[in-house]
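There are 2 protein chains.
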Amino acid sequence: MPAERDPLADLLAAGGEPLRAALDAGEQRLREVAAQAGPPLDAPASETIEAGGKRLRPLLVALSALAAGRIDGEHVVPAAVAVELVHSATLVHDDIIDRAPLRRGRATVVAAYGRREALALGDLLFARAFSELAAAGDLEALAVLASASRALARGELLQREDAFDAGVARERYTLRCELKTAALFEAACRLGALPAGPPVADELAAFARRIGVAFQILDDVLDVEGPEERTGKTPGTDLLDGTVTLPFLLARERDEQLAGIDLRTLRSGEPLEEICERIAATGALHLARADALGLVRDAKEGLPDTLDPRGVELLELVADAVVERYS
Amino acid sequence: MPAERDPLADLLAAGGEPLRAALDAGEQRLREVAAQAGPPLDAPASETIEAGGKRLRPLLVALSALAAGRIDGEHVVPAAVAVELVHSATLVHDDIIDRAPLRRGRATVVAAYGRREALALGDLLFARAFSELAAAGDLEALAVLASASRALARGELLQREDAFDAGVARERYTLRCELKTAALFEAACRLGALPAGPPVADELAAFARRIGVAFQILDDVLDVEGPEERTGKTPGTDLLDGTVTLPFLLARERDEQLAGIDLRTLRSGEPLEEICERIAATGALHLARADALGLVRDAKEGLPDTLDPRGVELLELVADAVVERYS
Chain E
4 MPAERDPLAD LLAAGGEPLR AALDAGEQRL REVAAQAGPP LDAPASETIE
54 AGGKRLRPLL VALSALAAGR IDGEHVVPAA VAVELVHSAT LVHDDIIDRA
104 PLRRGRATVV AAYGRREALA LGDLLFARAF SELAAAGDLE ALAVLASASR
154 ALARGELLQR EDAFDAGVAR ERYTLRCELK TAALFEAACR LGALPAGPPV
204 ADELAAFARR IGVAFQILDD VLDVEGPEER TGKTPGTDLL DGTVTLPFLL
254 ARERDEQLAG IDLRTLRSGE PLEEICERIA ATGALHLARA DALGLVRDAK
304 EGLPDTLDPR GVELLELVAD AVVERYS
Chain P
4 MPAERDPLAD LLAAGGEPLR AALDAGEQRL REVAAQAGPP LDAPASETIE
54 AGGKRLRPLL VALSALAAGR IDGEHVVPAA VAVELVHSAT LVHDDIIDRA
104 PLRRGRATVV AAYGRREALA LGDLLFARAF SELAAAGDLE ALAVLASASR
154 ALARGELLQR EDAFDAGVAR ERYTLRCELK TAALFEAACR LGALPAGPPV
204 ADELAAFARR IGVAFQILDD VLDVEGPEER TGKTPGTDLL DGTVTLPFLL
254 ARERDEQLAG IDLRTLRSGE PLEEICERIA ATGALHLARA DALGLVRDAK
304 EGLPDTLDPR GVELLELVAD AVVERYS
């Protein structure tokens, strides 16, 4: 199976030398930090960092800095490293709870090393995120990162509180997206733009919040839509976990039988496949995707003209890529 | 059963008004921070903070500040709050791994609320610790706390790496004590003394490292010695978990039968009780306690004359209390 073409991959080339230098330096620093974890955590730390992913959050830091005219700032690399470390820490911790065997095609830390190791590694990556910013001497940045970390923890729990509640309010779903996903996108853009001052940082944070929610909605669409070969997850995994997402909420309004389902009785296999197909048949996936597209449009339109146009262009490409995944 | 008299309880009265004010303000701030966790984490956060314990680490921050002539500093309360938050975070996380039903006579967060909740609460308390210091504007303090947090994570894992290795080297045991216990004691004293400059902070950190290792040795003695009514744990719990501690290492050198035990085959109940009695019969508990007393003596002797004598006196009382627990 050929690898999915990454719509973000071309951005690097287009951003110019300072952008490339910042992203390369961030990547190198991430690997250093992992290697410095010390035995016995250095191996799982390095594997976690090398497993990679798109580095979307470091990219947002750098592009936000570019847009704010601060790509040459010394704040960029520590901020890029810090947001990715927090992101990695939450993934490592999430996999403990979800007992996930695989992530990004590799064995998770919890599966390969154990629960204690995964817990400690997550804690260590968290601590390293804060020390990167402390070493950079940026108190305001530290406050931003701490606030985002708290939002992630709360978001994870709201999801739990709402589990199996098929009639959860749409606002509550959005709040959950904001906390568990958009908060770190927002922190990334804010951190990149911080030296340019509050108005610019606020504008870029607002952009990031919208594309963060859109990103989560798309994730939730893909969870229903699959296919498994692309998403790496069995379609309907969220529903099976009791996580009620926008596609299901929209589908329930359109299909009485879906509205009558008790999620606690749901089992994997054929009935789950059938439910995913029913959700798709209501048009809910198109509606949810349209919502995400609307958020991306709003995000792009909200970017002020005063920003560096090259940075804006690249941020817009990222915003589009967020909703164009696998579509 | 009457409550154990806390040998630290009288310290508050003896320390004068600024000490009391700092400790009270720290206590109040801890409760505020817990309440601000936001639903659904505010309840377990408040219960965790209120369950309390001795607040030994905030006390070390304040006494170190007193000894360094900085008890009136604005750094004291944030540092005291931050070290206690990190300590609380690690306890909440440890209880997930140990599947512990009770701590300090109350249901643990993992038992009362679930694993996901305990994981998120620990992460949130970590993040809050760093934001307290960030809000206080002290970058050096942030670096100290981050470094201690990393040490805690590594210490937890060294213990795991060494699990069931009955012949683990004494140096390795000490390193584990330094990482999993003494590092946060050290951070507490260093944070209290930081504004007085490196030499003073280093001296107080050295004091803290020694009493931290002594504290852990005493914990390990109490794990063998019990009685359960006082320690809240079944004697021999460490051995059952495969955690080889100083009493067992010393006992193995003196009793061939103990040296021949395969810890993996150990079961709770009578055989465990018997092993604890055999360890005690070798005199290993006295030897380990003597080691701890020696560390405390070295710690006290290492405190320079240039420190505030009232602070020194109280630190010495804390050092003594560390090894006089339940003895």
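Top to bottom, those sequences are chains E and P. Okay, so the first sequence: first residue is 4 according to our numbering, each after it adds one. Okay, so the second sequence: first residue is 4 according to our numbering, each after it adds one. Ideal Cβ positions, reconstructed from N, Cα and C, are used throughout, including at glycine.
Among the options, whose alpha-carbon lies nearest the alpha-carbon of residue i?
i, options, result
"P:S67", "P:L320, P:V315, P:E231, P:L160", "P:V315"
"P:A154", "E:K303, E:L44, E:I282", "E:L44"
"E:E273", "E:Q260, E:T237, E:E256, E:K57", "E:T237"
"E:V112", "E:L298, E:D141, E:E50", "E:E50"
"P:A70", "P:P202, P:Q260, P:A293, P:E277", "P:P202"
"E:L296", "E:L275, E:L320, E:E259", "E:L320"
"E:A54", "E:S152, E:L252, E:E30", "E:E30"
"P:G72", "P:A199, P:R233, P:L161, P:D241", "P:A199"
"P:K303", "P:A291, P:A324, P:R292, P:L290", "P:A324"
"P:P104", "P:A114, P:A322, P:R300", "P:A114"
"P:L62", "P:A110, P:I278, P:L187, P:G41", "P:L187"
"P:I278", "P:A291, P:L290, P:E259", "P:E259"
"E:K57", "E:V247, E:E87, E:A16, E:A46", "E:E87"
"P:R328", "P:L22, P:G229, P:A190", "P:G229"
"E:G340", "E:V36, E:A16, E:P47, E:A82", "Residue 340 of chain E is absent from the structure shown; chain E starts at 4 and stops at 330."
"P:A185", "P:A169, P:G170, P:S150", "P:S150"
"E:A265", "E:L145, E:V299, E:A169", "This sequence places Asp at residue 265 of chain E; Ala is not what is there. The shortest Cα separation from E:D265 among E:L145, E:V299, E:A169 belongs to E:A169."
"P:R106", "P:L59, P:I52, P:A24, P:V171", "P:I52"
"E:R281", "E:G41, E:A291, E:L261, E:V247", "E:L261"
"P:E189", "P:R257, P:G18, P:A322", "P:A322"
"P:V299", "P:S152, P:L197, P:F218", "P:F218"
"E:E135", "E:D97, E:L318, E:Q39, E:H96", "E:Q39"
"E:L242", "E:L225, E:E232, E:P42, E:R233", "E:L225"
"E:E20", "E:A46, E:E35, E:I74", "E:I74"
"E:D97", "E:V171, E:F210, E:K183", "E:K183"
"P:Y116", "E:R163, E:A16, E:S152, E:P42", "E:R163"
"P:A156", "E:P42, E:A137, E:A172", "E:P42"
For the putative contact between residue i and residue j, defined by C-beta atoms under 8 Å, what is the C-beta separation to the nearest angstrom?
i, j, result
"E:V119", "P:E159", "It is Arg, not Val, that sits at residue 119 of chain E in the sequence shown. Yes, E:R119 and P:E159 are in contact; Cβ-Cβ is about 7 Å, under 8 Å."
"E:P250", "E:D223", "6 Å"
"E:A65", "E:L26", "6 Å"
"P:F167", "P:R267", "5 Å"
"E:D301", "E:V247", "Incorrect: roughly 24 Å between the Cβ atoms, too far for contact."
"E:R60", "E:A191", "5 Å"
"E:V147", "E:L221", "About 25 Å separates the two Cβ atoms, so there is no contact after all."
"P:A48", "P:A37", "4 Å"
Tell me where the alpha helix (DSSP H) around residue i begins and ends.
i, result
"E:S1", "What the structure shows of chain E is the stretch from 4 to 330, and residue 1 of chain E is not part of that stretch, so it cannot be assessed."
"E:Q260", "259-262"
"P:L266", "Premise fails: P:L266 is in no alpha helix (DSSP H) and is neither H nor E."
"P:D168", "Note, P:D168: premise wrong, no alpha helix (DSSP H); not H, not E."
"E:K303", "287-304"
"E:D323", "312-327"
"P:G56", "Premise fails: P:G56 is in no alpha helix (DSSP H) and is neither H nor E."
"E:V36", "20-38"
"E:G125", "118-139"
"E:G158", "142-164"
"P:L182", "Premise fails: P:L182 is in no alpha helix (DSSP H) and is neither H nor E."
"P:A71", "First-last for P:A71: undefined, no H or E at that position."
"E:T234", "231-234"
"P:L44", "Here P:L44 belongs to no alpha helix (DSSP H), and DSSP marks it neither H nor E."
"E:D244", "Looking at the DSSP string, E:D244 is not in any alpha helix (DSSP H), and its letter there is neither H nor E."
Against chain A, does residue i count as a neighbour if the rule is that its beta carbon must be under 9 Å from one of theirs?
i, result
"P:F167", "Absent from the structure: chain A. Protein chains present are E and P."
Contact the stretch 171-179 of chain P vs the stretch 279-287 of chain P: 3+ CB pairs below 8 Å: no
Given 8 Å, three or more beta-carbon pairs between the stretch 123-143 of chain P and the stretch 210-223 of chain P: no
Uninterrupted alpha helix (DSSP H) stretches inside the stretch 187-224 of chain E (no shorter than 4 residues): none
Sequence ranges, alpha helix (DSSP H) only - wholly within the stretch 74-112 of chain E, length at least 4: 79-101
Three CB pairs or more closer than 8 Å across the stretch 223-243 of chain E and the stretch 257-277 of chain E: yes
The stretch 194-208 of chain P contacting the stretch 294-314 of chain P, beta-carbon criterion three pairs below 8 Å: yes
Meets three-Cβ-pair contact criterion under 8 Å: the stretch 134-151 of chain E and the stretch 72-85 of chain E: yes
Segment contact, 8 Å Cβ cut-off, at least three pairs: the stretch 92-99 of chain E with the stretch 214-233 of chain E: no
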